[in-house]
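Heads up: the sequence lines are chains A and B, in that order. So the number in the numbering used here is just where the residue sits in the first sequence, counting from 1, plus 1. So the number in the numbering used here is just where the residue sits in the second sequence, counting from 1, plus 98. Notes follow the structure.
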Amino acid sequence: MDMNQKRIRNFCIIAHIDHGKSTLADRLLEATGTVTEREIAEQMLDSMDLERERGITIKLTAVRLNYRASDGEEYVLNLIDTPGHVDFSYEVSRSLAACEGALLVIDATQGVEAQTLANLYLALEHDLEIIPVINKIDLPSADPERVKREIEETIGIDSSEAILASAKTGEGIDRILEAIVTRIPCPKGDPEARLQALIFDSHYDSYRGAVAYVRVFNGTLQVGDQIQMMSSVSQYEVTELAVLRPAMTPVGRLLPGEVGCVMASMKNVKDTRVGDTITHAQRPAPEPLPGYHPAKPMVYCGLYPVDNEQYVELREALEKLQLNDAALTFEAETSAALGFGFRCGFLGLLHMEIVQERIEREFGLNIIATAPSVVYRITQTDQAEILIDNPALFPPVAKIGKIAEPYVTATIMLPEQYVGPVMELCQERSGDFSNMEYITPERVRLEYEMPLSEILMDFFDKLKSRTKGYASLDYEFSDYRESDLVRLDILLNGKPVDALSCIVHSDKAAERGRSLARKLRELIPRQQFEVPIQAAIGTRVVARETVRALRKDVLAKCYGGDVSRKRKLLEKQKEGKKRMKSLGSVDVPQEAFMAILKVE
Amino acid sequence: MLGVYVHIPFCLRKCGYCDFHSTAAAPPVIEAYLQALANEIEFWARQTAGELCSTLYIGGGTPTILTPGQLDRILTKLAAAFNFEPGFEFTVEANPGTLTPEKAQALAQAGANRISLGAQAFDDGLLQKIGRAHTVGQIHESVGLIRKAGIDNINLDLIEGLPGQSLDQWQAALAQAVQLKPSHFSCYSLILEENTPFYQAYQEGELTLPPEEETAAMFAYTQEYLPQQGYCQYEISNYAKPGREARHNLIYWQTYSYLGLGSGAHGYYRQIRYSSTEDLGRYIRSWRKHEPAYASWEPVTADQAMDEMMFLGLRLVKGVNLNSFYQRFQCSVHEVYGAEVDRLAARGLIEEREGFLRLTKLGRSLGNLVFSAFVRPPLRS
């Protein structure tokens, strides 16, 4: 093996949201002199605004660190970032596949969380060397001994090897770097073999086209090479290769074990699917690296422009986002209430929220999002099976034979004293208990089989509020199960609004209808005319509420000194209205379409 | 058309609902203020260089808190500094309880021909509750003094929808007010402005206001009753005997120009909206040295000017003159706001009559739905 290859270490950081992954990454970059403290003022790895605001990582990247270890040798450490959220577990899995080891970061004040565990299991599946890091030990409430016990119980790793650290103060950073060098194996692979390079991420750059982030496993990739994507027949010529330090630095070739990015005039990220293997067109590898499958949307919602004239702009925005986000799907749909829009598919709720926010922020479009829906599998009375991702398209009751809905296995980690309330919550949400395990005497791992639709209904917030924020949740698709479901319709002013329809379990339908009508009465502002709200199942009206008409709304005074100020007031009123959709003569605010998620 | 507004930011005490710029100040401060104001008057007299002025309005605060000598001095200075057209409207705001026979004489002698009296209510309990420093008896007294000084053009300010006020009480107040035979009424619905004690109390649940249905009924009653008594409604909150409409206020609603003099005053001159500092100390220090002391200075774009002509003009019962709009901007209201006009008309909020676009009766109650439609947010840079 090449001497250089022996001095490469590829690793990632696994952590729950807020456990300090980004700060730790910053410290590693700093300690290796990759960037200076000043440059790090903004957290380096999370480059999207949204990520920074929400403190989460959505798109991953890779950074190359040069480190002189205590053995006097110079090492190349590739830090491959992983997204922390369950929606992106496929991406996590791909970035783990590019590594030989992982830092498992656990908050010394919080302990092991559900998502940490989910990602850790993925890491173990990929046979990674795990280095536990107990972070935030500078905090007064830190309890590293308890966390160590949890590590032993849940993971079965010898916790005496855990490194106590504080990314904030820098304590333990040296030991982490040394552990990366001594405990994580160097990459294997033969530079003369046929090329196999795993795409673990990609992004779209308006100048370069799609940029693929790869880890070379075998062979040598050079500028000018004719390459081929093994899941398709697409061939390209490599125009540029680079490593990230963290700025893109051109290199002539990438050898086994190396991590870098490939540019080859590829049109969009669909040409660089995450999980795909790049090989040489002339001398292809016999088979791809294991594990490519396209990410499948789990959650759908309708996105409509508030102003119908912005339909084309919305489509362009979705197309642009898709360049960067292969998991986002969309197709045109129409709604009697909302006009022309798109049915969009997402990996999960967070993915959905992120896309919505990006459309509004980056493209300046006002959009209405309908409540998210799962994909129902309906067997009609004529035995035909159809998939429905939009409540409005539900067939008439007479045509429905059986309905099945997606179930997930939900894993909840929580302090022992909240087990009661959480089990109650899960049962209210049609959860089937499957397992309960004491990790330590204080912490419990609960497992439920639940309809995904119930998770979408504000489950996470409810979970947090019943456990004072201490519970964490992870879920993955398990199977389709038959359920007794009906469509709940909402009528405004006596007219059904298709975009407000939702699918609910029939035993809860009437109750949900009542809460939804009440919620809508709160959300729909008073306007010129009275607005009757009805909730109906089929032809049966289960709830009725009224938004009273506005009787008086006029600025009583406006003189010379008031003009600018009054103008601002009016602008504010208008701005509020811009975020509403006019359905006939009723102005309905955006939040109303999401109201079903917030009902009790 | 050019109006002149002068602000006297002093009051005996501050009312619970008032967010106007005013303070209870000591006599030496008032004197220093008037000297500074005299310098600002000279400055603007030079700026306008003999331009014809149509109206003069002294507002506050409480201008009648000044001594007769001070009133005479400042009003005489103003009348001499600007080139007012013959018979120009010259209004002074007055509060009952601050007006004496000497002050009324001083106002008349300096040329004031219109007094706007802050009556507000005709119930001593209510007047006390809202923090007014006067009684119903003093309202009658003040009207008498004004008439005696020879001024017959009198406006009464009234507030509808005061805390604890019922429709009956409002009707009684109007009836009493009409007996005083003023020439003009301004009837405002109480608005809770932020940074007032009322707003604070309301937020804390210590103040109950009549329900919207009740204030809507008061507004409806006013619009019905005052015209029966010979006062024609010409603006959302304003009613006048024929020919007695407030010419100065019409300047605001028709977006003509006006100067704003004094601390906290706003002006609109040569397409610029500006305001003077509300910081009395700064105002006095600057103008003592003949240096302007402005707080804001904003050129009005053509789009903004159009919007303002619409949402201010629509306050007038006769509405916006479509031809004037075209003359001024070289494009029609329909070209600029076509879709909004159609939508609002379809909802019965506005109508076009004889070359004017105006609010319907319903539109006058829901004016904000109309006004906000004519406000276009400034382009983002």
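Glycine residues also receive a C-beta, built at the ideal position from the N, C-alpha and C atoms. In this text the structure is predicted, and so the values were computed from the model without any measurement.
Three-state secondary structure (DSSP) at A:M451? Counting from one through the first sequence, the residue named residue 451 of chain A turns up at place 450. A:M451: strand per DSSP, three-state reduction.
I want to see whether chain A comes within less than 8 Å of B:V418, judged by CB atoms only; does it? For the purposes of this step, residue 418 of chain B is identified with residue 320 of the second sequence, where counting begins at 1. No, B:V418 does not count as interfacial toward chain A.
Reducing DSSP to helix, strand and coil, say where A:M267 ends up. Residue mapping note: residue 267 of chain A aligns to position 266 of the first sequence, counting from 1. In the structure shown, A:M267 sits in a strand (DSSP, three-state: E or B).
Contact list for A:C559 against chain B, beta-carbon separation under 7 Å: Residue mapping note: residue 559 of chain A aligns to position 558 of the first sequence, counting from 1. Ordered by position in chain B, the residues that pass the 7 Å Cβ test against A:C559 are L410, R413.
Which runs of the alpha helix (DSSP H) at least 4 residues long sit entirely within the segment 432–470 of chain B? Give them in chain order. 459–463, 465–469
Which of the three DSSP states is assigned to B:F188 in this structure? Within the second sequence, numbered from 1, the residue matching residue 188 of chain B stands at position 90. Strand.
8 Å is my cut-off, CB to CB: does A:R568 come that close to chain B? The sequence position of residue 568 of chain A within the first sequence is 567, counting from 1. Yes - at least one Cβ of chain B is within 8 Å of the one on A:R568.
From the DSSP secondary-structure annotation, give me the bridge partner or partners of B:E258. The count along the second sequence starts at 1 and reaches residue 258 of chain B at position 160. Answer is B:S287, bridged to B:E258.
With 8 Å as the threshold, decide whether the Cβ of A:R362 is near any Cβ in chain B. In the first sequence, counting from the first residue as 1, residue 362 of chain A sits at position 361. For A:R362, the answer is no, since every Cβ of chain B falls outside 8 Å of its Cβ.
Quick one: which chain B residues come within Cβ less than 8 Å of A:D554? Along the first sequence, one-based indexing puts residue 554 of chain A at 553. Those are S463, L464, G465, N466, L467, listed as they occur along chain B.
May I ask you to list, following chain order, the residues of the segment 359–382 of chain B that have a beta carbon less than 8 Å from some beta carbon of chain A? The residues in question are G362, A363, H364, G365, Y366, R371, S373.
Simplified DSSP assignment, three categories, for A:R53: Locating residue 53 of chain A in the first sequence gives position 52, counting from the first residue. Because the pLDDT at A:R53 is just 47, under 50, the model does not fix this residue reliably, and the value given afterwards should be weighed accordingly. In this structure, A:R53 counts as helix in the three-state DSSP scheme.
Contacts that B:P475 makes with chain A (C-beta to C-beta distance below 8 Å): Taking the second sequence and counting its residues from 1, one reaches residue 475 of chain B at position 377. The contacting residues are E572, K575, E576.
At the level of alpha carbons, what is the spacing between B:Q236 and B:D221? On the second sequence, residue 236 of chain B is found 138 positions in, with the first residue counted as 1. On the second sequence, residue 221 of chain B is found 123 positions in, with the first residue counted as 1. Their Cα atoms are separated by approximately 12 Å.
Which residues bound the beta strand (DSSP E) around A:Y481? Here residue 481 of chain A refers to the residue found at position 480 of the first sequence. For A:Y481, the enclosing beta strand (DSSP E) stretches over residues 473–483.
Taking A:T330 as part of the beta strand (DSSP E), name the residues at either end of that continuous run. As a working note, residue 330 of chain A is residue 329 in the first sequence. Note, A:T330: beta strand (DSSP E), 330–336.
Should A:E310 and A:L366 be called a contact, given that it needs their Cβ atoms to be closer than 8 Å? Translated into the one-based positions of the first sequence, residue 310 of chain A becomes position 309. Translated into the one-based positions of the first sequence, residue 366 of chain A becomes position 365. Not a contact, by the Cβ cut-off of 8 Å.
Using CA coordinates, which residue listed in A:A98, A:Q529, A:D490 is at the minimum distance from B:R462? Against the second sequence, residue 462 of chain B aligns to sequence position 364. Comparing Cα positions, the closest option is A:Q529.
So B:S335 contacts chain A; which residues on that side make the cut at Cβ distance below 8 Å? On the second sequence, residue 335 of chain B is found 237 positions in, with the first residue counted as 1. Simply A557, K558.
Among B:L447, B:G411, B:E450, B:K112, the one whose alpha carbon lies nearest that of A:C559: Here residue 559 of chain A refers to the residue found at position 558 of the first sequence. Among B:L447, B:G411, B:E450, B:K112, the Cα nearest to that of A:C559 belongs to B:G411.
A:T441 by DSSP, collapsed to three states: which one? Counting from 1 along the first sequence, the entry for residue 441 of chain A is found at position 440. Note: A:T441 maps to coil in three-state DSSP.
Taking Cβ-Cβ distances below 7 Å as the criterion, which residues of the segment 506–531 of chain A are in contact with chain B? Q529
Am I right that A:A510 and A:L493 are in contact with their C-beta atoms under 8 Å? What's the rounded C-beta distance? Walking along the first sequence from the start, residue 510 of chain A turns up at place 509. Walking along the first sequence from the start, residue 493 of chain A turns up at place 492. With 8 Å as the limit, A:A510 and A:L493 do not qualify as a contact, their Cβ atoms being about 19 Å apart.
Where in the segment 185–227 of chain B do unbroken runs of the beta strand (DSSP E), each at least 3 residues long, occur, reported from the N-terminal end onward? 212–218
A:I360 - DSSP class collapsed to helix/strand/coil: Reading the first sequence from its first residue, position 359 is the one you call residue 360 of chain A. Helix at A:I360.
Since A:G340 meets chain B, which of its residues come closer than 7 Å, beta carbon to beta carbon? Numbered from its first residue, the first sequence carries residue 340 of chain A at position 339. Those do not exist, as A:G340 stays about 16 Å from chain B at its closest Cβ, beyond 7 Å.
Taking A:P392 as part of the beta strand (DSSP E), name the residues at either end of that continuous run. As a working note, residue 392 of chain A is residue 391 in the first sequence. Here A:P392 belongs to no beta strand (DSSP E), and DSSP marks it neither H nor E.
Under 8 Å between the Cβ atoms of B:H105 and B:G167? Numbered from its first residue, the second sequence carries residue 105 of chain B at position 7. Numbered from its first residue, the second sequence carries residue 167 of chain B at position 69. Result no, Cβ atoms of B:H105 and B:G167 do not sit closer than 8 Å.
Could you tell me the distance, in whole angstroms, from the CA atom of B:D250 to the CA atom of B:R212? As a position in the second sequence, residue 250 of chain B is number 152, starting the count at 1. As a position in the second sequence, residue 212 of chain B is number 114, starting the count at 1. Each residue's Cα considered, the two are about 7 Å apart.
Does any CB atom of chain B fall closer than 8 Å to the CB of A:L551? Residue numbering aside, residue 551 of chain A sits at position 550 when the first sequence is read from its first letter. Among the CB atoms of chain B, one or more fall inside 8 Å of the CB of A:L551.
Taking B:E183 and B:C151 to be in contact with their CB atoms under 8 Å, please state how far apart those CB atoms are, rounded to whole angstroms. In the second sequence, the residue the question calls residue 183 of chain B occupies position 85. In the second sequence, the residue the question calls residue 151 of chain B occupies position 53. Sure, about 7 Å apart at Cβ, within 8 Å.
Taking only beta-carbon atoms, is A:M424 less than 8 Å away from chain B? Position 423 of the first sequence, counted from the first residue, corresponds to residue 424 of chain A. A:M424 does not count as touching chain B.
Counting only runs that start and end within the segment 496–567 of chain A, where is the beta strand (DSSP E) found for 3 or more residues in a row? 503–506, 532–538, 541–548
C-beta contact flag for A:Q578 and A:L339 at 8 Å: Translated into the one-based positions of the first sequence, residue 578 of chain A becomes position 577. Translated into the one-based positions of the first sequence, residue 339 of chain A becomes position 338. In the sequence as presented, Gln is not what sits at residue 578 of chain A; that position holds Lys. No, the pair does not count as a contact, with Cβ atoms beyond the cut-off.
Which two residues bound the contiguous beta strand (DSSP E) that contains A:R10? Position 9 of the first sequence holds residue 10 of chain A. A:R10 -> beta strand (DSSP E) spans 9–16.
May I ask you to report which of helix, strand or coil DSSP gives A:S581? As a first step, residue 581 of chain A is located in the first sequence; it is residue number 580 there, counting from the start. Note that residue 581 of chain A is Met in the sequence shown here, rather than Ser. Three-state DSSP puts A:M581 in a strand.
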